[in-house]
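Chemist:
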Amino acid sequence: MLTANRLKSGDVLYRKGAAWVLTLDAGEVYRTEAAADDALAAATAELTRNEFVAPYLFEVREKDGRIVPVKEREIIRAAGPTVHPHTGKQANQFNDDQHQNA
Amino acid sequence: MLNPKPVEPNMYRYDEFDARFVSERVEQFACQVQRRLSGELTEDQFKPLRLMNGLYLQLHAYMLRIAVPYGTLSSRQMRKLAHIARTYDKNFGHFTTRTNLQLNWIKLVDVPAILRELADVEMHCIQTSGNCVRNVTADQFAGATDEEIEDPRPLAEIIRQWSSLHPEFVFLARKFKIAVGACEKDRAALAYHDMAVQIVRNAQGRTGYKVMAGGGMGRTPYLAHVMREFVEREDILAYLEAVLRVYNQDSRRDNIHKQRIKILINTIGPEEMRRRVDREFKELKAMGTLQLPQGELDRIAAYFAPPKFESGLSDAIPDAGADFANWAKTNVSRHKAPGYAIATITLKTPGQVPGDATSEQMDIIADLMDEFSVGEVRVTHEQNLVLPHVRKKDLPAIYARLKELDFASPNAGLITDIIACPGLDYCDLANARSIPIAQKIARKFENLERQQQIGELKIKISGCINACGHHHAGHIGILGVDKKGVEFYQLQLGGSGAEDAAIGEIMGPGFTEHEIAEAVERVVNVYLAARQPGERFLDTYRRLGMAPFKAAAYETVAA
Chain A
1 MLTANRLKSG
11 DVLYRKGAAW
21 VLTLDAGEVY
31 RTEAAADDAL
41 AAATAELTRN
51 EFVAPYLFEV
61 REKDGRIVPV
71 KEREIIRAAG
81 PTVHPHTGKQ
91 ANQFNDDQHQ
101 NA
Chain B
103 MLNPKPVEPN
113 MYRYDEFDAR
123 FVSERVEQFA
133 CQVQRRLSGE
143 LTEDQFKPLR
153 LMNGLYLQLH
163 AYMLRIAVPY
173 GTLSSRQMRK
183 LAHIARTYDK
193 NFGHFTTRTN
203 LQLNWIKLVD
213 VPAILRELAD
223 VEMHCIQTSG
233 NCVRNVTADQ
243 FAGATDEEIE
253 DPRPLAEIIR
263 QWSSLHPEFV
273 FLARKFKIAV
283 GACEKDRAAL
293 AYHDMAVQIV
303 RNAQGRTGYK
313 VMAGGGMGRT
323 PYLAHVMREF
333 VEREDILAYL
343 EAVLRVYNQD
353 SRRDNIHKQR
363 IKILINTIGP
373 EEMRRRVDRE
383 FKELKAMGTL
393 QLPQGELDRI
403 AAYFAPPKFE
413 SGLSDAIPDA
423 GADFANWAKT
433 NVSRHKAPGY
443 AIATITLKTP
453 GQVPGDATSE
463 QMDIIADLMD
473 EFSVGEVRVT
483 HEQNLVLPHV
493 RKKDLPAIYA
503 RLKELDFASP
513 NAGLITDIIA
523 CPGLDYCDLA
533 NARSIPIAQK
543 IARKFENLER
553 QQQIGELKIK
563 ISGCINACGH
573 HHAGHIGILG
583 VDKKGVEFYQ
593 LQLGGSGAED
603 AAIGEIMGPG
613 FTEHEIAEAV
623 ERVVNVYLAA
633 RQPGERFLDT
643 YRRLGMAPFK
653 AAAYETVAA
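One line per chain: the protein sequences are A and B, in this order. For the first sequence, the residue numbers in the numbering used here are 1 to 102. For the second sequence, the residue numbers in the numbering used here are 103 to 661.
(1) Apart from the five residues on each side of it in sequence, which residues of its chain come closer than 7 Å, Cβ to Cβ, to Val-479(B)?
(2) Could you tell me which chain B residues have their CB closer than 9 Å to the CB of Leu-22(A), listed as they occur along the chain?
(3) According to DSSP, simplified to helix, strand and coil, what is His-525(B)?
(4) Alpha carbon to alpha carbon, how far is Ser-435(B) from Arg-255(B)?
(5) Do you know how far the Cα of Lys-387(B) is from the Cα of Ala-522(B)?
(6) Thr-309(B) lies in the alpha helix (DSSP H); which residues open and close that run?
(7) Taking C-alpha atoms, which residue in Ser-140(B), Pro-214(B), Glu-462(B) lies nearest to Phe-194(B)?
(8) In the DSSP assignment, what residue or residues form a beta bridge with Gln-594(B)?
(9) Would you mind stating whether Leu-559(B) and Ile-517(B) have Cβ atoms separated by less than 8 Å?
(10) In the structure shown, what three-state DSSP assignment does Ala-661(B) receive?
(11) Check Val-488(B) in the structure and name its three-state DSSP category.
(12) If we require 4 or more residues per run, which alpha helix (DSSP H) segments fall completely within the segment 144–175 of chain B?
(13) Measuring only between beta-carbons, confirm whether Gly-587(B) sits less than 8 Å from chain A.
(14) Give me, in chain order, the residues of the same chain whose beta-carbon lies closer than 6 Å to that of Lys-360(B); leave out the 5 immediate sequence neighbours on both sides.
(15) Buried or exposed: which applies to Glu-72(A), given that a residue is buried once 16 or more other Cβ atoms fall within 10 Å of its Cβ?
(16) Val-583(B) CB to nearest chain A CB: under 8 Å?
(17) In whole angstroms, what separates the C-alpha of Glu-118(B) from that of Ala-169(B)?
(18) Show which residues of chain B have a CB atom less than 8 Å away from the CB atom of Ala-54(A).
(19) Residues of chain B with CB under 8 Å from Pro-85(A), in chain order?
(20) Are Glu-317(B) and Tyr-294(B) touching if we call contact CB-CB under 8 Å?
(21) Quick one, which residues of the segment 440–465 of chain B are near chain A if we go by CB-CB under 9 Å, in chain order?
(22) Just checking, does the segment 438–449 of chain B make contact with the segment 272–290 of chain B on the three C-beta pairs under 8 Å criterion?
(23) Under 9 Å, CB to CB, which of the residues in the segment 160–174 of chain B have a partner in chain A?
(24) Could you pull the start and end residues of the alpha helix (DSSP H) that Tyr-405(B) belongs to?
(25) Between Tyr-622(B) and Ile-543(B), which are expected to be in contact by the criterion C-beta below 8 Å, what is the C-beta distance as a whole number of angstroms?
(26) Cα-Cα, which of Lys-209(B), Val-211(B), Leu-166(B) is closest to Phe-197(B)?
(27) Taking Arg-535(B) as the query, report the chain A residues whose CB atoms sit under 7 Å from its CB, ordered along the chain.
(28) Mark Thr-391(B) as exposed unless 16 or more other C-beta atoms lie within 10 angstroms of its C-beta, in which case mark it buried.
(29) Considering only residues of the same chain and omitting the five flanking positions on each side of Ile-556(B), which have a CB-CB separation below 8 Å?
(30) The beta strand (DSSP E) that contains Asn-700(B), what's its start and end?
(31) Residues of chain B with CB under 9 Å from Arg-15(A), in chain order?
(32) Please report the straight-line C-alpha distance between Leu-507(B) and Leu-57(A), rounded to a whole angstrom.
(33) Roughly how many angstroms lie between the CA atoms of Ala-534(B) and His-616(B), to the nearest whole one?
(34) Pull up the CB-CB distance for Ala-215(B) and His-483(B), whole angstroms please, since I reckon it's below 8 Å.
(35) Say whether chain B places a C-beta atom closer than 8 Å to the C-beta of Ile-67(A).
(36) Give the range of the beta strand (DSSP E) segment to which Tyr-14(A) is assigned.
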């Protein structure tokens, strides 16, 4: 998959087609090295738009029917800090859980 | 909430020049942000500019590092930090081992506004990153302890002013960290600094400065060498400039792993370094432009004049129950004024994120500062806070309020008072998480009786070899590493960042995140079984060596 950070906010982004989405689940998985390289090349060419920074590729695998990153770093980046569940992309889930438990 | 009237502590206040300088820097950076957003600056052009203003891009967002010079904060500044965390971040901040505050969820577009707010309370983020002289740190008990020769903060402030945007040292080979201490007891980890100054008296009873250089953690840890045992007061800036000049001229810039001053000194040898420094010092002294007049030293020292201590106070710590007595035993230290004490607030209640404080907690601590500690607090490199001047009779009230904040753990210097860097939960450089390991170990040793039985034991955890968590200086140090995408944790034993400074010895292969806390426990159990009367963990380790600890640590893992 291909990721970057939004320039203005620093938000973690994932590439989908020619656009960016905010969650890993909604991002695109490149099944071949060539497809991944093409996506990175396209994103790199778009850096001059000044909308995002630091695009790079990372590995994912399938686990229990879901796409998950291979490295812990990307798992944390996709969810948020493991020590503050109310922050990062996991916050919505955390808030939903809190709401349901209330 | 009490909201007492803010008290202005005796600390350095900006003069017109300082205020204009910081204000101009804020507007300059605001302009640079605008140019980046408009595309006039590329990311490659912008990155060194943002780093010079303490702005990093981390795993989840931008991180802003705010300088807290020599760890001293006023209540007005603490409230401003709380406000910024609440308004622009996620309602909490993280106090670091460089005594700074980091905010982890900053938006680039908000940074100019944040810097303007900081400038309003005489704060900034300048030189909290980049290859320059970083935030100068000092003993957190400065001006309060009876152990010091004099308050080290005036010198720290003079060094801060001298090194801020010093034209010769803005683009050093690497970052450069300076600390100042003023007594034999070392609470500032002097030996682990690129350069350190200890205020000393010579045989004639004259006060001057011992200068050390070449210490550091990171990939290649070294303890600092003494450059000169005694530098006269008026010569200190010339001598420090001489050390930095030699470093700037002679350090290797071709290899990122060999760019710190510790590598230079340990490559050419301390004798040769002293010779080169002496040569520069002689020239600088002859020029006479860097002499520090006593009048200037006195002018800066006047900002840090001791508060007016009340006389006639009882010097006894009140009796306020067993819990309070436990807290007072570890978290209260001797003050130089009768009837007063120094109170350490450990941001380390087992289960907490070491060094984190919410905006609400910061606000209430600001209230405590005003009500009980002449409006002042110190940030320590062990990620705690210190109320430097409190009346002993007020200690029970302070303790009660800290309990409400969940910051009343009686664990200063004990096994649960753990340093941990942000690690892989936040940091772009990290290989492994630090905070959850700290939390797991702290919970394992949560029982207070057990903590007290173990006594002084400093655990320090870093999530990568850069060692922001000071693992080399831990009695038990833990280094997180990445093995094919999985976190592992190496143990080091025998380090110290105090006056008996030592670099910890690596035990062997790492443990998984599920094994490390138990391995630490087995190591501690060896100490408890083998210690002699009065021995700290560190003493027993130094007597026995690594073997018995290593055997125990791997016992269950191998089984």
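Virtual Cβ for every residue (Gly too), placed ideally from N, Cα, C.
Modeler: Quick look at the numbers:
(1) Leu-175, Met-180, Ile-467, Met-471, Leu-487, Val-488, Leu-489
(2) Going along chain B, no residue has its Cβ under 9 Å from Leu-22(A), so there is no contact; the nearest lies around 12 Å.
(3) Before going on, a small fix: residue 525(B) reads as Gly here, not His. Annotated three-state conformation of Gly-525(B) is helix, per DSSP.
(4) 19 Å
(5) 42 Å
(6) It is not in any alpha helix (DSSP H) - Thr-309(B) instead sits in the beta strand (DSSP E) that spans 309–315.
(7) Glu-462(B)
(8) Gly-579(B), Ile-608(B)
(9) The Cβ-Cβ distance between Leu-559(B) and Ile-517(B) falls below 8 Å.
(10) Confidence at Ala-661(B) is low in this model, with a pLDDT of 47, below 50, so its placement is unreliable and the value that follows should be read with caution. If DSSP states are grouped into helix, strand and coil, Ala-661(B) belongs with coil.
(11) strand
(12) Within the segment 144–175 of chain B, the runs of alpha helix (DSSP H) that reach at least 4 residues and sit entirely inside it are, in chain order, 145–154.
(13) yes
(14) Arg-354
(15) Glu-72(A) counts as buried, since no fewer than 16 other beta carbons sit within 10 angstroms of its beta carbon.
(16) Not one chain A Cβ lies under 8 Å of Val-583(B).
(17) 20 Å
(18) Glu-145, Leu-159
(19) Taking a Cβ-Cβ threshold of 8 Å, none of the residues of chain B is close to Pro-85(A); the smallest such distance is about 11 Å.
(20) Here the sequence assigns Gly to residue 317(B), which means Glu is not the residue at that position. Yes, Cβ-Cβ distance for Gly-317(B) and Tyr-294(B) is below 8 Å.
(21) Val-455, Asp-458
(22) The segment 438–449 of chain B makes no contact with the segment 272–290 of chain B: fewer than 3 CB pairs, one atom from each, lie closer than 8 Å.
(23) Result list: Gln-160, Leu-161, His-162, Ala-163, Tyr-164, Met-165.
(24) 396–405
(25) The residue you asked about is not Tyr; residue 622(B) is Val in the sequence shown. That pair is a contact at about 6 Å.
(26) Leu-166(B)
(27) Those within 7 Å of Arg-535(B) in chain A are Thr-82.
(28) That one is exposed.
(29) Excluding residues within five positions, the ones whose Cβ falls inside 8 Å are Leu-516, Ile-517, Phe-547, Val-626, Tyr-629, Leu-630, Phe-639.
(30) This structure leaves residue 700(B) out entirely; chain B is present only between 103 and 661.
(31) In chain order: nothing, as chain B lies at least about 17 Å away.
(32) Cα-Cα distance, rounded: 43 Å.
(33) 13 Å
(34) Between His-483(B) and Ala-215(B) the Cβ distance is about 30 Å, and since that is not below 8 Å, they are no contact.
(35) no
(36) Where Tyr-14(A) is concerned, the enclosing beta strand (DSSP E) stretches over 12–16.
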